[in-house]
Amino acid sequence: MSAGPPGTFGLRILSVSEATRTIRGVVTADPRLRDVWVEGEVGRVTISSAGHAYFALKDERNQLQCVWFRDERLVSPFEARTGVRVVVNGRIDLYEPTGALQLYVAGLQPAGVGDLAIRLEELKARLAAEGLFATERKRSLPARPSSVGVVTSASGAAWHDVRTVLARRWPLAEVILVPCQVQGDGAGASVAGALERLGRWIDRPGGPTKPEVTILARGGGSLEDLWSFNDEAVVRAIVGHPVPVVTGVGHEVDVTLADLAADVRAPTPSAAAELVVPDRVEIAAALGAVGRRADAAMARRIAGARATLDAERRALDRLDPRAGRAADRERVGRLLDRAARSMADRVRIGRTRVERDGLRLLPLLATRVAAGRSGVEAAAAGLAALAPQATLDRGYAIVRRAQDGAVVRAPGDVPPDATVEVTVARGSFAARRLPDRDGER
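Numbering (our numbering), first residue to last: 279 to 719.
Have a look at this one:
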């Protein structure tokens with residue numbers, strides 16, 4: 279508090295926070311408000327995402343806002359339901375941010391239950407002390423059960439809902455119904471007996487497929503309708519059951535001792551069925567994804583193996599003698615090609631040189647030929663002048679003896695009366711030597 283502003287005659291003006299803090303201090307200092315029991319009718323109930331319950335407790339003239347935190351709410355066998363008259367235990371405090379006076383609920387029970395509610399709380403405390411509600415003893419559910427046991431009424435809506443969900447989500451599972459009474463006198467003993475019969479059958483060796491998980495289900499109803507699921511025999515039957523138990527009793531706001539003892543609690547029978555079996559659509563999609571990943575991995579493995587095989591094959595090809603011979607043949611072929619190209623180039627160059635030299639020699643050859651021809655002609659002319667024919671043309675003759683063809687060079691070479699051949703320029707004729715005139719030879 280602070281001194282008042284001028285003109286307020288010393289009045290102390292409180293801030294909103296100071297005022298709410300002062301009120302809260304007064305409320306918390308009153309021991310009567312630290313542990314109160316208030317009876318009234320539950321108004322509209324709101325459950326937050328954190329699991330806290332908010333509702334108004336009212337009578338004919340007034341109402342009191344209540345807050346029930348999740349931890350206290352989940353362990354309670356009763357839930358706040360609109361229109362139900364209840365007795366609430368807790369403390370009254372002021373919530374400063376909004377200035378709201380609220381009852382913080384520690385426990386709740388139906389009005390008029392009296393000793394029954396007290397006995398239920400005592401039973402819950404005793405069973406909890408034994409560890410029957412402990413988290414450590416909870417068992418995990420099988421991923422894909424081949425058989426599911428269901429303990430419920432054969433004529434109730436819960437059995438229809440459970441059977442429908444199981445058939446839709448996982449039709450491979452065999453469903454075994456163990457019918458029991460779920461409401462009225464003797465219902466608790468009937469539920470416990472059904473669980474025990476199913477447990478004995480599961481424990482028996484041999485026989486057909488045994489359930490791997492059990493659903494304990496019942497549809498919605500009043501608090502009295504669900505009271506059999508608070509029976510101690512039911513709790514102990516759940517704890518002693520040989521396979522995990524999933525409860526789906528009533529609605530989400532209904533929590534019984536059977537729910538606390540079960541391995542898994544579902545808010546409804548349909549939800550319990552959804553918890554115990556997988557969705558075949560999701561499994562098929564997952565299997566498809568696994569198949570695609572396996573195909574991709576196999577393709578990568580095959581590609582890697584093929585690359586390794588190709589590398590090994592190339593290495594073996596390099597070491598193969600036939601490959602060496604082929605390389606040698608290819609190398610020889612290339613050398614022959616180079617030699618042929620070189621020879622062709624040499625021939626082409628030589629031909630070009632010859633053609634070029636021929637072009638230069640043609641004038642010289644013509645000159646040399648002309649000069650040679652002139653010399654030949656001159657020699658021919660000289661030879662012609664010296665030839666025997668030329669001598670004959672000048673009137674000379676060649677005389678040869680007919681007997682041996684020898685040229686007559688002297689008269690004594692031809693005896694008298696011997697025949698000679700006389701060759702002149704235009705032919706030859708025979709002649710005979712006459713004897714000398716004086717008779718002498």
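For glycine and all other residues, C-beta sits at the position ideal for the given N, C-alpha and C.
Spatial neighbours of L410 in its own chain (CB-CB distance under 7 Å, excluding positions within 5 residues in sequence) are listed in chain order as V513, V517 and A539. D541 and K488 have their alpha carbons spaced roughly 19 Å apart. Counting C-beta pairs with one atom in each stretch, the stretch 368-383 and the stretch 341-348 have three or more that are closer than 8 Å, which means they touch. Annotation: R607 to R616 spans about 14 Å, alpha carbon to alpha carbon. Here the alpha carbons of G484 and V491 stand approximately 18 Å from one another. If you draw a 10 Å sphere on the C-beta of I627, you find fewer than 16 other C-beta atoms in it, and that means exposed. For W346, no alpha helix (DSSP H) encloses it; the enclosing beta strand (DSSP E) starts and ends at Q341 to W346. Minimum Cα-Cα distance from T324 among the listed residues V314, E317, A445 and L335 corresponds to L335. For L504 against V524, the beta-carbon gap comes to about 17 Å, at or over 8 Å, which does not count as contact.
Using a Cβ-Cβ distance cut-off of 8 Å, the stretch 418-438 and the stretch 529-536 are not in contact, since fewer than three pairs of beta carbons, one from each stretch, lie closer than that value.
Between D509 and L401, the alpha-carbon positions lie close to 9 Å from each other. Apart from sequence neighbours up to five positions away, the residues of its chain that approach I301 with a beta-carbon distance below 7 Å are L372, ordered along the chain.
The beta-carbon distance between A432 and A467, rounded to whole angstroms, is 17 Å. This is too long to meet the 8 Å contact definition. A Cβ-Cβ distance of about 13 Å is found for the pair V460 and I493, leaving them out of contact under the 8 Å criterion.
Using a 10 angstroms sphere on the CB of P547, the tally of other CB atoms reaches 16 or more, which defines it as buried. Going by beta carbons, A389 and V365 fall inside the 8 Å limit. Within the stretch 388-455, complete beta strand (DSSP E) segments of at least 3 residues are found at 425-430, given in chain order.
A residue is called buried once 16 or more other Cβ atoms fall within 10 Å of its Cβ, and I370 is buried on that count. Relative to N367, the option among V314, Q341 and P375 whose CA is nearest is V314.
Distance from the Cα of V700 is smallest, within the candidate group A495, A307, S506 and R679, for R679. A straight-line Cα-Cα distance of about 17 Å links L352 and E414.
Within the same chain, and ignoring the five residues on either side of R651 in sequence, no residue has its Cβ closer than 7 Å to its Cβ. Per DSSP, E590 lies in no beta strand (DSSP E) segment; the continuous alpha helix (DSSP H) that holds it begins and ends at R558 to L597.
Taking the C-beta atoms as reference points, L670 is found nearer than 8 Å to V702. Its Cα nearest to that of R558, the residue L450 stands out among V305, W437 and L450. Annotated as distal: R710 and D691, with beta-carbon spacing of 8 Å or more. A550 is positioned such that its CB atom lies closer than 8 Å to that of G526. With a beta-carbon spacing of about 6 Å, E474 and A515 fall inside the 8 Å limit used to define contacts. Judged by DSSP in its simplified three-state form, T376 adopts coil rather than helix or strand.
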